[in-house]
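The C-terminal residue of the sequence shown carries number 326 in our numbering, and the numbering is unbroken.
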Amino acid sequence: MDRSSEREMATALVYDDRFLEHDTGLEHPECPERLAAITRGLQDGGLWDALRPLSFEPVDRALLERVHDPTYLKRIERNCAADVGFVDTPESPVCPSSGEVARLAAGGVVAAVDAVLNEEAANAFCAVRPPGHHAERDRSMGFCLLNNVAIAAEHLIADCGLERVAVVDFDVHHGNGTQHIFEDRGDVLYISLHQDPKTLFPGTGYAGESGRCKGLSFTINIPLAPGTDDSGYISAMDDIVLPRLDAFAPQFLLVSAGFDAARGDPLGNMNVTPQGFAAITSRLTDAADRHCHGRLVSMLEGGYNLTALAESAAQHVKTLCKRA
Ligand SMILES: [Zn+2]
3 MDRSSEREMA TALVYDDRFL EHDTGLEHPE CPERLAAITR GLQDGGLWDA LRPLSFEPVD
63 RALLERVHDP TYLKRIERNC AADVGFVDTP ESPVCPSSGE VARLAAGGVV AAVDAVLNEE
123 AANAFCAVRP PGHHAERDRS MGFCLLNNVA IAAEHLIADC GLERVAVVDF DVHHGNGTQH
183 IFEDRGDVLY ISLHQDPKTL FPGTGYAGES GRCKGLSFTI NIPLAPGTDD SGYISAMDDI
243 VLPRLDAFAP QFLLVSAGFD AARGDPLGNM NVTPQGFAAI TSRLTDAADR HCHGRLVSML
303 EGGYNLTALA ESAAQHVKTL CKRA
């Protein structure tokens, strides 16, 4: 492909109104209004019409079972059908349609990966819920049912034949599920920036957790002190994240984009501004340009201050669009 046709490719968007049907109950922070805030933010920022909407289906069952234990998947289905109210832990509430919504969200992320890999889009943002990075292979955790980013990485490796996929996770919480699913493998590099686990859920993600067996040194945890601001995040990106990405030379970059490190988020204690998220994002798109023709798919994880979420996600997407 020549540079002129590359420039014509848009940033793709994964969004579906059905993502609003995952009902977490009264006053739960992981609420449908989060996606409404993001879509409003994209519209107010003049970005909505520039994005290429993708169509997608619920994720393939065989792919899902390569990431998640089949008995766990059945438990999700059973608890949704019986309207039990949650799966495994009350921190992961479900309504009768939540299982199907989660499968649709994961399918959207896979469709985004395929669109970017097939050069139908330059990169993509997936405004999905429920989020995924806390979901373990065999249980839900922290508002997460299916691990969307792990499913995308597994698809790239197992179905698309890639050998090196990097995941960068800047959600304020450590992505325990993603780490555990890949910690003994060398083909998926997992890098997480998050608030010091001594001070925040889920209590994992210490710097000493660095993978095991063939995956040793392919897990990079960067705990940051509460109160870390844009400059702290940018230093961590420049000093640790980018050198590790450059050494790994990924063939595809996946991003767990949580915006709960934003200033004013009720669940995190960080001070990242919307411009800070743009600065983080531009470093990631630069890395994707250096190593994999800009191939990057970003997906929503957390972010619970609706104003900060809308502004931060808009700056993130605006930065992705600059590369499209
Ligand atoms: Zn989070």
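All residues carry an ideal CB built from backbone N, CA and C; glycine is no exception.
Helix, strand or coil at residue i [DSSP, three-state]
i: M301; result: strand
i: R54; result: strand
i: M3; result: Its pLDDT being 45, under 50, M3 is placed unreliably by the model, and the measurement read from it follows with that caveat. Coil.
i: N271; result: coil
i: D61; result: The identity of residue 61 in the sequence shown is Val, whereas the question assumes Asp. In this structure, V61 counts as coil in the three-state DSSP scheme.
i: V174; result: coil
i: A238; result: helix
i: T180; result: helix
i: R105; result: helix
i: R131; result: coil
i: A155; result: helix
i: L28; result: coil
i: C162; result: coil
i: K200; result: coil
i: E67; result: helix
i: G110; result: helix
Residue i - containing beta strand (DSSP E), residue span
i: D171; result: V167 to D171
i: V16; result: T13 to V16
i: L255; result: F254 to A259
i: F127; result: N125 to C128
i: T91; result: T91 to P95
Beta bridge counterpart(s) of residue i as assigned by DSSP
i: S233; result: Paired residue(s): none; S233 is not in a bridge.
i: I224; result: L195
i: C146; result: M143
i: F88; result: P95
i: A264; result: V274
i: V190; result: V167
Residue interval of the alpha helix (DSSP H) (run including residue i)
i: N81; result: P72 to A83
i: K1; result: Look at the range of the chain in this structure, 3 to 326, and you will see that residue 1 is not part of it.
i: F21; result: Note, F21: premise wrong, no alpha helix (DSSP H); not H, not E.
i: I40; result: E35 to D46
i: F250; result: L244 to F250
Sequence-ordered residues whose beta carbon comes within less than 6 Å of a heavy atom of ligand 1: Cβ atoms closer than 6 Å to ligand 1 belong to D173, V174, H175, G260, D262, E303 and G304.
Would you check if the stretch 114-129 and the stretch 60-79 touch, i.e. whether three or more CB-CB distances between them fall below 8 Å? no
Looking at C-beta atoms only, is the number of pairs between the stretch 181-189 and the stretch 199-218 that lie closer than 8 Å three or more? yes
Should the stretch 254-261 be regarded as contacting the stretch 167-183, the criterion being three or more beta carbon pairs within less than 8 Å? yes
Sufficient close CB pairs (3 or more, under 8 Å) joining the stretch 263-279 to the stretch 312-319: yes
If you pair each beta-carbon of the stretch 191-210 with each one of the stretch 302-309, do three or more pairs fall below 8 Å? no
Using 8 Å as the Cβ pair cut-off and three pairs as the minimum, do the stretch 225-239 and the stretch 135-143 touch? no
Meets three-Cβ-pair contact criterion under 8 Å: the stretch 19-31 and the stretch 279-298: Touching, no.
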